[in-house]
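Q:
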Amino acid sequence: MYNLLKNNFFFLFILIFFQNNTTKAQEIQGVSYELIQKMTSEKNGVYEYNTLLKRFQKADTTLLAMDYLMLYYGYVYQKEYHPYKHIVWEDSLGRLTEAKNAPKALKMAEKIIQENPVSLTTHIESAYTFHAIGRKPESLRHLYQYNQLMATVMASGIGNSYQNPIVVISPKDTEVVLMSNQLNIVSKSINGQDNKYFLVYLVKNKEKKEYPIYFDITLAYTIGMEKVKNK
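Those letters in the sequence shown? Residues 217 to 447, per the working numbering, in order.
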C-alpha cells in the first residue's frame with residue numbers, strides 16, 4: 217500500500233527518530249489529555265484549535281513542537297474526529313494512489329483533509345501524487361506537514377513496551393509509522409492493560425530481525441468507538 221515510501225524522493229526528506237520519552241498515564245510528553253482539550257478549546261487562547269489549524273494549513277514554519285502536539289492530539293476533541301470512518305476513506309485513497317489515478321486521488325485527499333487535517337496517510341499520499349504530476353510546491357507542503365506530524369507522534373514514546381508506547385489517534389497511523397520505518401508486519405493483536413488499549417505488532421526489519429512495537433490506541437478505541445456506537 218505504501219510503495220510510495222520506497223521512492224528515493226521521500227527518503228531524502230523523511231527522517232524519523234525514535235525518542236525515548238516515558239509516557240505517563242493519560243499524558244503525552246507530560247501534557248495531560250484534559251489540558252490538551254482545555255487549551256485547544258479556549259477562545260482566543262494560544263493553542264485554540266482553529267487558529268493553530270489555519271497556520272498549519274499554510275505550512276507555517278514558526279509552529280513549535282507544542283503547537284503540533286496540540287494539533288495532532290487535540291484533533292480528537294473536534295466534532296469531525298471519526299477515525300474509523302476516515303480509515304475507509306484513507307484505504308480508498310491508497311488504492312487510487314497505487315492505481316496512479318491522480319485526479320481521483322487528489323479529490324479523495326481533499327475530502328479527507330477537510331474532515332481530518334492531521335491524517336498522516338493523506339498528507340504523505342498527497343505529497344507523492346503532487347510530486348508524480350510535477351506540482352512540486354504542493355508536494356513539498358504536504359511532505360512538510362507530514363514530517364511535522366510524524367515527529368510529534370514519534371516523540372510520544374519509543375514503542376518498546378506497554379509503559380512506553382507510541383501514542384496515535386487512529387489505528388491507521390500505526391501502519392504509516394511502520395511503513396515509513398520500512399518495517400514489515402508479521403502479526404498484530406489488540407490488548408487492554410491498565411484501562412488503556414494497545415495495538416501490538418510483531419515486525420521484521422530489513423535485517424530480518426523480529427521484535428514487537430507497541431502503540432497506544434486508547435483515544436481511538438474510546439472516543440472514536442463511542443462515535444461509531446452513536447452513529
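Think of the CB as a built atom: it goes at the ideal place given N, C-alpha and C, for glycine as much as any other residue. Quantities reported herein were computed from a predicted structural model and do not represent experimental measurements.
I'd like the span of the beta strand (DSSP E) that includes Gly408, first residue to last.
A: Asn400 to Gln409
Q: Report yes or no: do three or more beta-carbon pairs, one from the segment 381-400 and one from the segment 424-433, lie closer than 8 angstroms?
A: Yes, the segment 381-400 touches the segment 424-433.
Q: DSSP state of Lys412, grouped into three classes?
A: Of the three classes helix, strand and coil, the one that applies to Lys412 here is strand, per DSSP.
Q: Just how far apart, CA to CA, sit Tyr218 and Ile406?
A: Annotation note: pLDDT 42 at Tyr218 (below 50); position unreliable, coordinate value reported separately. If I take the Cα positions, the gap works out to 23 angstroms.
Q: Below 8 angstroms on the Cβ atoms is my guess for Leu394 versus Val419; work out the distance and round it to an integer in Å.
A: 6 angstroms
Q: Quick check: the segment 359-379 against the segment 278-291, are there 3 or more CB pairs under 8 angstroms?
A: Counting C-beta pairs closer than 8 angstroms gives three or more between the segment 359-379 and the segment 278-291, which meets the contact rule.
Q: Can you tell me whether Thr313 is buried or exposed, with buried defined as 16 or more other CB within 10 angstroms of its CB?
A: The residue is buried, with at least 16 neighbouring Cβ atoms inside 10 Å.
Q: Work out the CA separation of Gly408 and Thr438 for me, nearest whole Å.
A: 12 angstroms
Q: Buried or exposed, going by whether 16 or more other CB atoms sit within 10 Å of the CB of Thr345?
A: buried
Q: Could you give the distance in angstroms between the alpha-carbon of Ala315 and the alpha-carbon of Asp410?
A: 43 angstroms
Q: Secondary structure at Tyr437, three-state DSSP: helix, strand or coil?
A: helix
Q: Check whether the segment 324-333 touches the segment 370-384, counting contact only when three or more Cβ pairs, one atom from each stretch, lie closer than 8 angstroms.
A: no
Q: For Gly290, which of Ser403, Phe414 and Ser257 has the nearest alpha-carbon?
A: Selected option, being the one with the closest Cα: Ser257.
Q: If you measure between the beta carbons of Glu306 and Ser342, is that distance less than 8 angstroms?
A: no
Q: Report the rounded CA-to-CA distance for Ile401 versus Lys259, giving the unit in angstroms.
A: 43 angstroms
Q: Just the C-alpha distance for Lys254 and Val247, rounded to the nearest angstrom, thanks.
A: 11 angstroms
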